[in-house]
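Here's the structure, in structure tokens; my notes come after.
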């Protein structure tokens, strides 16, 4: 019986956090195998329960099928493993913060077209829960591709390639634009915010606000700092120039559809502010960026998430977006909301 190997792809610099998280979840059941920048693999020990292998620090995570250097070898691996993929994702192993090079994207796109034709499976697009997804992870030109398989689950990114392709516009006031755009695409809400009202805690200088405004939302931005003039020019933006701690209920509209936050505060404090307003406003959606500046804060995350689940509008999912740095994004959406 052949050994089972697992893989996970993460953002640059998050390899230690990913390893720690997996050790906490499956400690004693896995042993590290090999590691490359942004890619870690493990060998599952006999009797290990690996069906739910995942991590909030993983862009994708699944079971390794093998390595290949040609389309024919990928097809042979898939057939030998008895896999019937329903969707194909071809992903660059390394995704620098400044973006993946056009040369690498060219290789990814070409390989995706060739594999989609050879396997008769769609390349890219949003995976649905339960779909069998075949991952091809592409490294350097001389490096063999890692072939992996996973069943897509609620909470995982449905289209990682799409997230990696989103670029920060030159006109964006801050990187918060990129984080908000990726969060909305993760949730599938990037084209469904028209007419929504968003309360954003910690809005300055306005990257997240601009993203929300461009998607048609009305935004109430809470921050003592100055907002970018391009954001203030929107008639649908309202600057509440107070701190989140001083914000009063009468300052915000009666109906708030989404509560968002990207404040540079300890996660426990951010969640206390969010709970205060979520309990009063009952928003359908929640998008929180939580800073993980120390291993101690990172270790306290499970406790914080458990508390958020008590008052969140729906199921809580936590993932490190490609645009996150030493932080992680928590989202929740009411299951009966059709927005």
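In UniProt numbering, the protein residues as written are 1 to 339. C-beta: ideal position from N, C-alpha, C; glycine also.
To the nearest angstrom, how far is it from the Cα of residue i to the Cα of residue j?
{"i": "residue 7", "j": "residue 279", "result": "39 Å"}
{"i": "residue 323", "j": "residue 127", "result": "21 Å"}
{"i": "residue 314", "j": "residue 26", "result": "26 Å"}
{"i": "residue 122", "j": "residue 152", "result": "15 Å"}
{"i": "residue 63", "j": "residue 136", "result": "12 Å"}
Look up residue i in the DSSP assignment and give the residues it is bridged to.
{"i": "residue 35", "result": "40"}
{"i": "residue 177", "result": "Per DSSP, none; premise fails for residue 177."}
{"i": "residue 293", "result": "Partner(s): none; residue 293 has no beta bridge."}
{"i": "residue 332", "result": "286, 316"}
{"i": "residue 238", "result": "220"}
{"i": "residue 192", "result": "In DSSP, residue 192 forms no bridge with anything."}
{"i": "residue 30", "result": "44"}
{"i": "residue 258", "result": "198, 285"}
Residue i by DSSP, collapsed to three states: which one?
{"i": "residue 309", "result": "helix"}
{"i": "residue 233", "result": "coil"}
{"i": "residue 76", "result": "helix"}
{"i": "residue 303", "result": "helix"}
{"i": "residue 5", "result": "strand"}
{"i": "residue 214", "result": "helix"}
{"i": "residue 89", "result": "strand"}
{"i": "residue 68", "result": "strand"}
{"i": "residue 21", "result": "helix"}
Are residue i and residue j close, meaning C-beta to C-beta below 9 Å?
{"i": "residue 351", "j": "residue 95", "result": "What is shown of the chain runs 1 to 339, which leaves residue 351 out entirely."}
{"i": "residue 210", "j": "residue 267", "result": "no"}
{"i": "residue 109", "j": "residue 133", "result": "no"}
{"i": "residue 239", "j": "residue 227", "result": "yes"}
{"i": "residue 147", "j": "residue 65", "result": "yes"}
{"i": "residue 286", "j": "residue 274", "result": "yes"}
{"i": "residue 236", "j": "residue 222", "result": "no"}
{"i": "residue 43", "j": "residue 3", "result": "yes"}
{"i": "residue 207", "j": "residue 179", "result": "yes"}
{"i": "residue 33", "j": "residue 5", "result": "yes"}
{"i": "residue 29", "j": "residue 47", "result": "yes"}
Beta-carbon of residue i versus every beta-carbon of chain D: anything under 9 Å?
{"i": "residue 206", "result": "Included in the structure is just one protein chain, with no chain D present."}
Below 8 Å, can you find three or more Cβ-Cβ pairs linking the stretch 242-253 to the stretch 179-190? With the cut-off at 8 Å, the stretch 242-253 and the stretch 179-190 do not touch.
Assess, as a yes-or-no matter, whether the stretch 102-118 is touched by the stretch 146-160 under the definition of 3 or more beta carbon pairs within less than 8 Å. These segments do not touch.
Are the stretch 253-267 and the stretch 276-295 touching, with three or more C-beta to C-beta distances below 8 Å? Cβ pair count under 8 Å is three or more, so yes.
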